[in-house]
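Asker: So that we are looking at the same thing, I have put the structure below in structure tokens.
4 protein chains.
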Amino acid sequence: MWLQINPRSSIPMYQQVIDGVKSAIAKGWIQPGEKLPAIRELAMELTINHNTVVKAYAELEREHVIEVVRGRGTFVTQQPFVPNAEVRIGGLRESVLRLAIEAYHLQIQDDELIGMMKQALDELHGKNRLGGDES
Amino acid sequence: MWLQINPRSSIPMYQQVIDGVKSAIAKGWIQPGEKLPAIRELAMELTINHNTVVKAYAELEREHVIEVVRGRGTFVTQQPFVPNAEVRIGGLRESVLRLAIEAYHLQIQDDELIGMMKQALDELHGKNRLGGDES
Amino acid sequence: MWLQINPRSSIPMYQQVIDGVKSAIAKGWIQPGEKLPAIRELAMELTINHNTVVKAYAELEREHVIEVVRGRGTFVTQQPFVPNAEVRIGGLRESVLRLAIEAYHLQIQDDELIGMMKQALDELHGKNRLGGDES
Amino acid sequence: MWLQINPRSSIPMYQQVIDGVKSAIAKGWIQPGEKLPAIRELAMELTINHNTVVKAYAELEREHVIEVVRGRGTFVTQQPFVPNAEVRIGGLRESVLRLAIEAYHLQIQDDELIGMMKQALDELHGKNRLGGDES
DNA sequence: GTGGTCTAGACCACT
DNA sequence: GTGGTCTAGACCACA
Numbered sequence: 001m002w003l004q005i006n007p008r009s010s011i012p013m014y015q016q017v018i019d020g021v022k023s024a025i026a027k028g029w030i031q032p033g034e035k036l037p038a039i040r041e042l043a044m045e046l047t048i049n050h051n052t053v054v055k056a057y058a059e060l061e062r063e064h065v066i067e068v069v070r071g072r073g074t075f076v077t078q079q080p081f082v083p084n085a086e087v088r089i090g091g092l093r094e095s096v097l098r099l100a101i102e103a104y105h106l107q108i109q110d111d112e113l114i115g116m117m118k119q120a121l122d123e124l125h126g127k128n129r130l131g132g133d134e135s
Numbered sequence: 001m002w003l004q005i006n007p008r009s010s011i012p013m014y015q016q017v018i019d020g021v022k023s024a025i026a027k028g029w030i031q032p033g034e035k036l037p038a039i040r041e042l043a044m045e046l047t048i049n050h051n052t053v054v055k056a057y058a059e060l061e062r063e064h065v066i067e068v069v070r071g072r073g074t075f076v077t078q079q080p081f082v083p084n085a086e087v088r089i090g091g092l093r094e095s096v097l098r099l100a101i102e103a104y105h106l107q108i109q110d111d112e113l114i115g116m117m118k119q120a121l122d123e124l125h126g127k128n129r130l131g132g133d134e135s
Numbered sequence: 001m002w003l004q005i006n007p008r009s010s011i012p013m014y015q016q017v018i019d020g021v022k023s024a025i026a027k028g029w030i031q032p033g034e035k036l037p038a039i040r041e042l043a044m045e046l047t048i049n050h051n052t053v054v055k056a057y058a059e060l061e062r063e064h065v066i067e068v069v070r071g072r073g074t075f076v077t078q079q080p081f082v083p084n085a086e087v088r089i090g091g092l093r094e095s096v097l098r099l100a101i102e103a104y105h106l107q108i109q110d111d112e113l114i115g116m117m118k119q120a121l122d123e124l125h126g127k128n129r130l131g132g133d134e135s
Numbered sequence: 001m002w003l004q005i006n007p008r009s010s011i012p013m014y015q016q017v018i019d020g021v022k023s024a025i026a027k028g029w030i031q032p033g034e035k036l037p038a039i040r041e042l043a044m045e046l047t048i049n050h051n052t053v054v055k056a057y058a059e060l061e062r063e064h065v066i067e068v069v070r071g072r073g074t075f076v077t078q079q080p081f082v083p084n085a086e087v088r089i090g091g092l093r094e095s096v097l098r099l100a101i102e103a104y105h106l107q108i109q110d111d112e113l114i115g116m117m118k119q120a121l122d123e124l125h126g127k128n129r130l131g132g133d134e135s
């Protein structure tokens, strides 16, 4: 199963579902246009409450990650919603800074962090767009 | 004031205090060995309950970010605690991956993200250790 | 009741709760996987404030003694967290030395102390792994 | 110096003085009848408040560990106070149990704990009264 | 129902 | 004056 839920985690289960779906899409495990499991089906497989999945799907739709077609099911958005530049950059800036601060207090060197970042990106989509030719 | 709290945020206020203190230290606004505001003093300035600050300071002490000297006050740790490699890397890996996924869904290109990351690190400690030779 | 709190003790009540739970687990009165009383329920039984129990449970979770399952309750950890050797031994060495010094000032002979130690261990888990060949 | 104080420890400084003195006596660094440093002198050496030492010495005298001879100074008790059996055993029983529980949660085996105990006792007074002939 | 957070105000221990 | 503990009572998020 491409989605694992840990009910003991401090992260709410509905949030884990959201993160899991986003992760699966980013990794290409689920393609745009592909159908997601029905709510009840997914709830059964994960042995979690049906309402938990409802909440997760609702949030994912609000973020334009998935689309609900009434009567047909839920699908990964085909032509992805394009946020304007302001939202794109601004939304991420804070997350980036948070990560930098977290790294600082774990005494991770800058280049070490950049290295981890590149590695994560490469793993994510099997590309190696940044090559091996840099600092 | 070097610490801003948003009581409406979904992030608990005590967590915002923790993040704020860590951020201020990472940015060099507070130096190692320097005294932090007294608990009740900070609570007053932020117009929050002192117990909220108590909880934040306790967590920061647990993470070896600050130290309590009985009767004298609270201070930024001088000799930073060195977590072992496993904790250092492992703790960050998940955060890095989360950021990469978040960037993907905001349609941020890899090099754009790396650029933001480098910029954030440079801002953080005024260095430019990664030079100007990058993508 | 398997937990007694003395509000007059110099030991903080939340610490007494922590010790009491650990003791009950060590003695087998509560089994791994078993559910602990709900926070407010335990607070009522002990006639203390629920926040005191919250603090105790939080610390126990931090030490991996118990686990919180969101919405369902708090449970004794099934697969106990294995601290690394350094922590295991180092954490105890000081306590052992303290006990030895305490015994010295109470004029307890070495073998008497060892005897008490063995007896306590035997009581704790009904084993007699140290056999009958001792001083 | 046979006494080290850490003002950053969570253990109160006066308690650290008490423990330190008891430890020094148990280890034989200070002999019965020997004179302890004067209060002001010790406070100076440890660079702590004079009242802190006063409090520690008072508690040590209350426990019959030291004796104050007015005008002459403070001395380690010559013929040690002999608590009756009930106090001797009873006072220690709880401490022993606490240690056993602590060891349990650190996953220290019984014989390992006994071994540490014996080792600590041996170190304490350079004897080896328990020999090497046991389990 | 569960745990988690926050407040206002009190009291205590330590230096 | 410092931090630490505790209470009574409120509100919220999660499942």
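Chains as they are written, first to last, in my numbering: chain A, 1 to 135; chain B, 1 to 135; chain C, 1 to 135; chain D, 1 to 135.
The beta-carbon is built from N, C-alpha and C at its ideal position, and this holds for glycine as well.
1) Measure the C-alpha to C-alpha separation of residue 117(B) and residue 110(A) and round it to an integer number of angstroms.
2) Using a Cβ-Cβ distance cut-off of 8 angstroms, determine whether residue 8(D) contacts chain B.
3) If we require 3 or more residues per run, which beta strand (DSSP E) segments fall completely within the stretch 45-106 of chain C?
4) For residue 35(D), report the span of its alpha helix (DSSP H) as first-last.
5) On the three-state DSSP scale, how would you describe residue 23(A)?
6) Can you find a CB in chain C that lies within less than 8 angstroms of the CB of residue 12(A)?
7) On a Cα-Cα basis, can you pick out the residue from 108(D), 49(D), 22(D), 98(D) that is closest to residue 63(D)?
8) Helix, strand or coil: how does DSSP classify residue 131(B) here?
9) Determine the burial state of residue 37(B): buried for a count of at least 16 other Cβ atoms within 10 Å of its Cβ, exposed for fewer.
10) Are the C-beta of residue 76(C) and some C-beta of chain D separated by less than 8 angstroms?
11) Please report whether the beta-carbon of residue 17(C) lies at a distance below 8 angstroms from any beta-carbon of chain A.
12) Closest to residue 2(B) by C-alpha separation, out of 9(B), 29(B), 57(B), would be which residue?
13) Output, in sequence order along the chain, the residues in the stretch 79-101 of chain D whose CB is closer than 7 angstroms to any CB in chain C.
14) Please tell me whether residue 106(A) and residue 8(B) are closer than 8 angstroms, where the distance is taken between their beta carbons.
15) Spell out whether any CB of chain D is found under 8 angstroms from the CB atom of residue 135(B).
16) Got a sec: is the Cβ-Cβ distance from residue 104(D) to anything in chain C below 8 angstroms?
17) Under the rule that 16 or more other beta-carbon atoms within 10 Å means buried, what is residue 18(C), buried or exposed?
18) Output the distance between the C-alpha atoms of residue 130(A) and residue 121(A), rounded to the nearest integer angstrom.
19) With a 10 Å radius around its C-beta and 16 neighbouring C-beta atoms as the bar for buried, classify residue 25(B) as buried or exposed.
20) So residue 42(A) and residue 53(A) are supposed to be a Cβ contact under 8 angstroms. How far apart are they, rounded?
21) Taking a cut of 9 angstroms between CB atoms, which residues from the stretch 15-42 of chain C lie near chain D?
22) Would a check of beta-carbon distances place residue 117(D) closer than 8 angstroms to chain C?
23) Under 8 angstroms by Cβ, that's how I've got residue 32(A) and residue 76(A) pegged, so tell me the actual separation to the nearest angstrom.
24) Please state the DSSP three-state secondary structure of residue 4(D).
25) Please identify, using Cβ separations under 7 angstroms, the residues of the stretch 56-72 of chain D that lie next to chain C, in order along the chain.
26) Grouping DSSP H, G and I as helix and E and B as strand, with all else coil, what is residue 119(C)?
27) With a 10 Å radius around its C-beta and 16 neighbouring C-beta atoms as the bar for buried, classify residue 35(A) as buried or exposed.
28) What do you get for residue 5(B), buried or exposed, if any count of 16 or more other CB atoms within 10 angstroms of its CB means buried?
29) Would residue 3(A) count as contacting chain B if we go by Cβ distances under 8 angstroms?
30) Distance, Cα to Cα, residue 55(B) vs residue 114(A)?
31) Decide if residue 100(C) is buried, meaning its Cβ has at least 16 other Cβ atoms within 10 Å, or exposed.
32) From this set, 91(A), 27(A), 81(A), 58(A), which residue's C-alpha is nearest residue 123(A)'s C-alpha?
33) Alpha carbon to alpha carbon, how far is residue 49(A) from residue 90(D)?
34) Using beta-carbon positions only, say whether residue 163(A) and residue 95(B) come within less than 8 angstroms of one another.
Answerer: Looking at the coordinates:
1) Here residue 117(B) refers to the residue found at position 117 of the second sequence. Here residue 110(A) refers to the residue found at position 110 of the first sequence. Distance between the alpha carbons of residue 117(B) and residue 110(A): 9 angstroms.
2) Here residue 8(D) corresponds to residue number 8 of the fourth sequence, with the count starting at 1. Any Cβ of chain B closer than 8 angstroms to the Cβ of residue 8(D) would place that residue at the interface, and such an atom is present.
3) 66-69, 73-76
4) For the purposes of this step, residue 35(D) is taken as the residue at position 35 of the fourth sequence. Neither: residue 35(D) is in no alpha helix (DSSP H) and is coded neither H nor E.
5) Here the question's residue 23(A) lines up with position 23 in the first sequence. Helix.
6) Counted from its first residue, the first sequence places residue 12(A) at position 12. Closer than 8 angstroms: yes.
7) If you number the fourth sequence from 1, residue 63(D) lands on position 63. It is 22(D).
8) By one-based count along the second sequence, residue 131(B) stands at place 131. Residue placement at residue 131(B) is poorly supported in this model, since its pLDDT is 48, which falls under 50; the coordinates still yield a value, given next. In the structure shown, residue 131(B) sits in coil (DSSP, three-state: anything other than H, G, I, E or B).
9) Stepping through the second sequence from its first residue, residue 37(B) is reached at position 37. Taking every protein chain shown into account, the CB of residue 37(B) has 16 or more other CB atoms within 10 angstroms, so this residue is buried.
10) For this step, residue 76(C) is matched to residue 76 along the third sequence. So, not an interface residue.
11) Locating residue 17(C) in the third sequence gives position 17, where the first residue counts as 1. No - not a single Cβ of chain A is within 8 angstroms of the one on residue 17(C).
12) Here residue 2(B) refers to the residue found at position 2 of the second sequence. When only C-alpha atoms are compared, the closest one is 29(B).
13) Listed by position along the chain: 80, 82, 83, 88, 91, 92, 93, 95, 96, 97, 99, 100, 101.
14) By one-based count along the first sequence, residue 106(A) stands at place 106. By one-based count along the second sequence, residue 8(B) stands at place 8. No, they are not a contact pair.
15) Start at 1 with the first residue of the second sequence, and residue 135(B) comes out as number 135. Because the pLDDT at residue 135(B) is just 44, under 50, the model does not fix this residue reliably, and the value given afterwards should be weighed accordingly. The Cβ of residue 135(B) sits no closer than 8 angstroms to any Cβ of chain D.
16) For this step, residue 104(D) is matched to residue 104 along the fourth sequence. So yes, residue 104(D) belongs to the interface.
17) For the purposes of this step, residue 18(C) is taken as residue 18 along the third sequence, with counting starting at 1. Here residue 18(C) is buried, its C-beta having at least 16 other C-beta atoms within 10 Å.
18) For this step, residue 130(A) is matched to residue 130 along the first sequence. For this step, residue 121(A) is matched to residue 121 along the first sequence. Its pLDDT being 46, under 50, residue 130(A) is placed unreliably in this model, and the value from its coordinates should be taken loosely. Distance between the alpha carbons of residue 130(A) and residue 121(A): 9 angstroms.
19) Reading the second sequence from its first residue, position 25 is the one you call residue 25(B). Burial call: buried.
20) The residue you call residue 42(A) lines up with position 42 of the first sequence. The residue you call residue 53(A) lines up with position 53 of the first sequence. Residue 42(A) to residue 53(A), Cβ: 5 angstroms. Contact.
21) 19, 22, 23, 25, 26, 27
22) By 1-based counting over the fourth sequence, the position of residue 117(D) is 117. Closer than 8 angstroms: yes.
23) Here residue 32(A) corresponds to residue number 32 of the first sequence, with the count starting at 1. Here residue 76(A) corresponds to residue number 76 of the first sequence, with the count starting at 1. With 8 angstroms as the limit, residue 32(A) and residue 76(A) qualify as a contact, their Cβ atoms being about 5 angstroms apart.
24) Taking the first residue of the fourth sequence as position 1, residue 4(D) is located at position 4. Residue state, collapsed to three classes: coil.
25) 65
26) In the third sequence, the residue the question calls residue 119(C) occupies position 119. Helix, per DSSP.
27) Numbered from its first residue, the first sequence carries residue 35(A) at position 35. Result: exposed.
28) Walking along the second sequence from the start, residue 5(B) turns up at place 5. Buried is the call here.
29) Here residue 3(A) refers to the residue found at position 3 when the first sequence is read from its first residue. Taking Cβ atoms only, chain B never reaches closer than 8 angstroms to residue 3(A), which makes this a no.
30) Locating residue 55(B) in the second sequence gives position 55, counting from the first residue. Locating residue 114(A) in the first sequence gives position 114, counting from the first residue. Spanning the two alpha carbons is a distance of roughly 33 angstroms.
31) Position 100 of the third sequence, counted from the start, is the residue given in the question as residue 100(C). So residue 100(C) counts as buried.
32) Reading the first sequence from its first residue, position 123 is the one you call residue 123(A). The shortest C-alpha separation from residue 123(A) is found at 27(A).
33) Sequence index remark: in the first sequence, residue 49(A) carries index 49 (1-based). Sequence index remark: in the fourth sequence, residue 90(D) carries index 90 (1-based). Roughly 53 angstroms between the two C-alpha positions.
34) In the structure as shown, chain A begins at 1 and stops at 135. Residue 163(A) is therefore absent and cannot be evaluated.
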